[in-house]
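Here the sequence shown stands for residues -22 to -1, 1 to 369, numbered as in mature numbering (1 follows the signal peptide of the UniProt record, and there is no 0). We put the CB at the ideal spot given by N, CA and C, even for glycine.
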Amino acid sequence: MFVRMQLLALLAVVALVPQSGAYYSGPFLFWGLDDLKDVQTPALAGLDDKALRDLYANAAAVVVFLRNGTTKLTEDNFPTFKRIVEKYEFVYSPQQMLSSNPLDYNVNAEIINLVGSASQQDVELSALFRDSTENYGERKVLGILANQWEEPRVLHKREAKGGDDYSSTSTTPGSPTDEPEIADSIYNVPGKAILYITAPPVLKMLNDSDEGETVHVLDKHTLSTYDARERESKLIVTFKGDDFNKLTLKFRFDMDAGYWSMSKVDVFVMDTKSKDGSKTLDTTLELEGKYAPYAPIGASYSCARQLVFRNGTTVLTLENIQVQPALEGKTKFDSAWDCVGFTTAPILSGIFVTSFMLIGLTIAILAILDIKPPNRFESRTGKQLTFTVQE
């Protein structure tokens, strides 16, 4: 009886816990912070909620990686990740849910969905964690490995037997490698950032082997994420192509003195055709030209001309762009700063010509006003005035 009451109380507590982490599930692997060496993990229970909150708060950043596959977490499947974990303190927790959501306790927390085979997930996870440690500092980033949680799909099958209808129900989990594919050019993280272009981005890369050119038209993408920081933020968009290449673009926004600018784009390309999922490109492209997208924080930037980002033989082209970071909860663009502006060459030429004509017209009017017609005494043909002076 006492054991039954304990179970009922436990179920009641679980029901009252906010399901903030309902989109991912355990077991969980924590690594990266030195504070993990002091964390005690019961064999059949989860981490204490206060310990979790302290870990989130003490970390400079928190990165939650969601495995999207059924492959076991073994040394053969994740060799690079194993070498990274061995460098840090780590804790394994068998719990199925986290009682506290890291997004609520750390402003630099983000969630990254890992897709593809185990080798591809291994490369992507390791590269992204290294990027975070380079940005925030060694042993200051808390990594969390979890599983993506999906509601089971219910299938109904009806068959006619002996004049009666029988309904059988089975639960089948969704495909672990399925991610929503969005066939548009609107990259939106609600309340954080929006980027819109009228045509899909085009990435061109020169091949070293045959001196040919590989062109990727990035017309299919998954959900976008936004990494907000004090001095620099990133809009991260992952694309899927028919050639099975996975491409990630990170649009970098520099924040300074109340203004933002976007002059660089990070490009990460993973060759999923190879068996080891080797990374083929990881570079930063810089904008060609003098004027980068630029606007005050709280305003968007719009430009109808083509923007070209380049680094050597790698070129990214964006057509007719409108973009705004740091939306601060808003869901649509604010007023736009246009790249055309008010001081283009034709406008300056028109102002110069108009000013020149106005100056000439003013001189002409003043000259006309200075003309005085002669009177009757100033006429040469008229009789002259004679004055006689007598003493």
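Check the DSSP bridge columns for Arg283 and list the partner residues they point to. Counting from 1 along the sequence shown, the entry for residue 283 is found at position 305. None, per the DSSP bridge assignment.
For the putative contact between Val243 and Arg230, defined by C-beta atoms under 8 angstroms, what is the C-beta separation to the nearest angstrom? Along the sequence shown, one-based indexing puts residue 243 at 265. Along the sequence shown, one-based indexing puts residue 230 at 252. Separation of the CB atoms of Val243 and Arg230 is rounded to 7 angstroms, and the pair is thereby assigned contact status at 8 angstroms.
Check the DSSP bridge columns for Tyr34 and list the partner residues they point to. Translated into positions along the sequence shown, residue 34 becomes position 56. Its beta-bridge partners do not exist; DSSP assigns none.
When you compare only the Cα positions, how much space is there between Val85 and Ala206? Locating residue 85 in the sequence shown gives position 107, counting from the first residue. Locating residue 206 in the sequence shown gives position 228, counting from the first residue. If you take the alpha carbons of Val85 and Ala206, they lie about 8 angstroms apart.
Note down, in chain order, each residue of its chain lying with its Cβ closer than 8 angstroms to the Cβ of Ala277, except the 5 sequence neighbours on either side. Counted from its first residue, the sequence shown places residue 277 at position 299. Only Gln302, Asp312, Ser313, Ala314, Trp315 meet the Cβ criterion.
Which one of Asn125, Asp13, Met183 has the shortest CA to CA distance from Lys294? Position 316 of the sequence shown, counted from the start, is the residue given in the question as residue 294. Going by the sequence as given, residue 294 is Leu instead of Lys. When each option's Cα is compared against that of Leu294, the closest is Met183.
Buried versus exposed, by CB contacts within 10 Å (16 or more), Tyr70: Start at 1 with the first residue of the sequence shown, and residue 70 comes out as number 92. Per the 10 Å Cβ criterion, exposed.
Between Phe217 and Ile160, what straight-line distance do the alpha-carbon atoms span, to the nearest angstrom? Walking along the sequence shown from the start, residue 217 turns up at place 239. Walking along the sequence shown from the start, residue 160 turns up at place 182. In this model, Phe217 and Ile160 are separated by some 9 angstroms (Cα to Cα).
Closer than 6 angstroms by C-beta to Ser153: which residues in its own chain qualify, once you throw out the five before and the five after it? Chain order, please. Position 175 of the sequence shown holds residue 153. In this predicted model, Ser153 has a pLDDT of only 40, less than 50, meaning its place in the structure is not dependable; the value taken from the coordinates is given anyway. Answer for Ser153: no residue qualifies.
Selected residue, minimal CA-CA separation from Tyr165, among Arg45, Arg283, Gly307, Lys228: Residue mapping note: residue 165 aligns to position 187 of the sequence shown, counting from 1. Cα-wise, what sits closest to Tyr165 is Lys228.
Taking the CB atoms as reference points, tell me whether Ser110 and Val167 lie closer together than 8 angstroms. The residue you call residue 110 lines up with position 132 of the sequence shown. The residue you call residue 167 lines up with position 189 of the sequence shown. No, they are not a contact pair.
Any beta strand (DSSP E) of 3 or more consecutive residues that is wholly inside the segment 44 to 74: 68 to 71
Which two residues bound the contiguous alpha helix (DSSP H) that contains Gln300? By one-based count along the sequence shown, residue 300 stands at place 322. Run containing Gln300: none in the alpha helix (DSSP H); it sits in the beta strand (DSSP E), 299 to 302.
Give the straight-line distance between the Cα atoms of Leu326 and Phe43, rounded to the nearest whole angstrom. Position 348 of the sequence shown, counting from 1, holds the residue named residue 326. Position 65 of the sequence shown, counting from 1, holds the residue named residue 43. Between the C-alpha atoms of Leu326 and Phe43 there is a straight-line separation of about 53 angstroms.
Quick check on DSSP: helix, strand or coil for Ala273? Translated into positions along the sequence shown, residue 273 becomes position 295. Ala273 falls in the strand class under three-state DSSP.
With DSSP as the reference, label Pro168 as helix, strand or coil. In the sequence shown, residue 168 corresponds to position 190, counting from 1. The answer is coil: DSSP assigns Pro168 none of H, G, I, E or B.
How about Ile172 and Ser163: are their beta carbons less than 8 angstroms apart? Locating residue 172 in the sequence shown gives position 194, counting from the first residue. Locating residue 163 in the sequence shown gives position 185, counting from the first residue. Not a contact, by the Cβ cut-off of 8 angstroms.
Is the beta carbon of Asp100 closer than 8 angstroms to that of Phe59? Counting from one through the sequence shown, the residue named residue 59 turns up at place 81. Counting from one through the sequence shown, the residue named residue 100 turns up at place 122. For Phe59 and Asp100, yes; Cβs fall inside 8 angstroms.
Between the CA atoms of Gly328 and Tyr34 - distance to the nearest angstrom: As a first step, residue 34 must be located in the sequence shown, where it is residue number 56. As a first step, residue 328 must be located in the sequence shown, where it is residue number 350. Cα to Cα, the separation comes out at about 60 angstroms.
Counting along the chain, where does the beta strand (DSSP E) carrying Glu191 start and finish? Counting from 1 along the sequence shown, the entry for residue 191 is found at position 213. Start and end: 191 to 195.
How is the alpha helix (DSSP H) around Tyr204 delimited, first residue to last? As a working mapping, residue 204 is identified with position 226 in the sequence shown. For Tyr204, no alpha helix (DSSP H) segment is defined; the enclosing uninterrupted segment is the beta strand (DSSP E) at 203 to 205.
Among the candidates Val93, Val286, Ile343, Glu88, whose CA atom is the shortest distance from the CA of Ala37? Position 59 of the sequence shown, counted from the first residue, corresponds to residue 37. Checking every option, the nearest Cα to that of Ala37 belongs to Glu88.
Candidates Leu120, Leu81, Ile346, Glu297, of which the one nearest Ala178 by Cα: Looking up residue 178 in the sequence shown gives position 200. One point to set straight first is that residue 178 is Pro, not Ala, in the sequence displayed. Closest by C-alpha distance to Pro178, out of Leu120, Leu81, Ile346, Glu297, is Glu297.
Which term fits Gln126, buried or exposed, when burial requires 16 or more other beta carbons within 10 angstroms of its beta carbon? Sequence index remark: in the sequence shown, residue 126 carries index 148 (1-based). That one is buried.
Under three-state DSSP, which class holds Ser3? The residue you call residue 3 lines up with position 25 of the sequence shown. DSSP places Ser3 in strand when its eight states are reduced to three.
Distance between beta carbons of Leu181 and His194, contact taken as under 8 angstroms: Locating residue 194 in the sequence shown gives position 216, where the first residue counts as 1. Locating residue 181 in the sequence shown gives position 203, where the first residue counts as 1. Confirmed, about 4 angstroms.
If Arg108 and Tyr66 are in contact, beta carbons under 8 angstroms, what's the gap, nearest whole angstrom? Working through the sequence shown from its first residue, we reach residue 108 at position 130. Working through the sequence shown from its first residue, we reach residue 66 at position 88. Not quite, the Cβ-Cβ distance comes to about 12 angstroms (not below 8 angstroms), so this is no contact.
Count the other CB atoms, across all protein chains shown, that sit within 10 Å of the CB of residue 421; report buried if there are 16 or more and exposed otherwise. In the structure as shown, the chain begins at -22 and stops at 369. Residue 421 is therefore absent and cannot be evaluated.
Tell me which same chain residues have a C-beta within less than 6 angstroms of the C-beta of Leu225, skipping the five on either side of it? As a position in the sequence shown, residue 225 is number 247, starting the count at 1. Once the five neighbours on either side are set aside, the close Cβ partners of Leu225 are Phe217, Val247.
Hey, would you say Phe6 sits closer than 8 angstroms to Ile122, going by beta carbons? If you number the sequence shown from 1, residue 6 lands on position 28. If you number the sequence shown from 1, residue 122 lands on position 144. In contact: Phe6 and Ile122 (Cβ atoms closer than 8 angstroms).
Alpha carbons only, please: which of Glu112, Leu336, Phe8, Leu92 is nearest the one belonging to Gln73? Numbered from 1 along the sequence shown, position 95 holds the residue referred to as residue 73. Measuring from the Cα of Gln73, the nearest candidate turns out to be Phe8.
Within 10 angstroms of the Cβ of Tyr279, are there 16 or more other Cβ atoms? Answer buried if so, exposed if not. Against the sequence shown, residue 279 aligns to sequence position 301. Label assigned to Tyr279: buried.
Residue from Ala345, Val286, Arg209, Thr366 with nearest C-alpha to Glu264: Against the sequence shown, residue 264 aligns to sequence position 286. For Glu264, the nearest C-alpha among the options comes from Val286.
Taking Cβ positions, are Leu76 and Leu30 nearer each other than 8 angstroms? Numbered from its first residue, the sequence shown carries residue 76 at position 98. Numbered from its first residue, the sequence shown carries residue 30 at position 52. Yes, the Cβ-Cβ distance between Leu76 and Leu30 is below 8 angstroms.
Go through its chain and collect everything with a Cβ distance to Glu51's Cβ below 8 angstroms, but skip five positions before and after it. For this step, residue 51 is matched to residue 73 along the sequence shown. Note on identity: in this sequence residue 51 is Leu, with Glu being the wrong assignment. So the list reads Leu7, Arg45, Leu123, once near-sequence residues are dropped.
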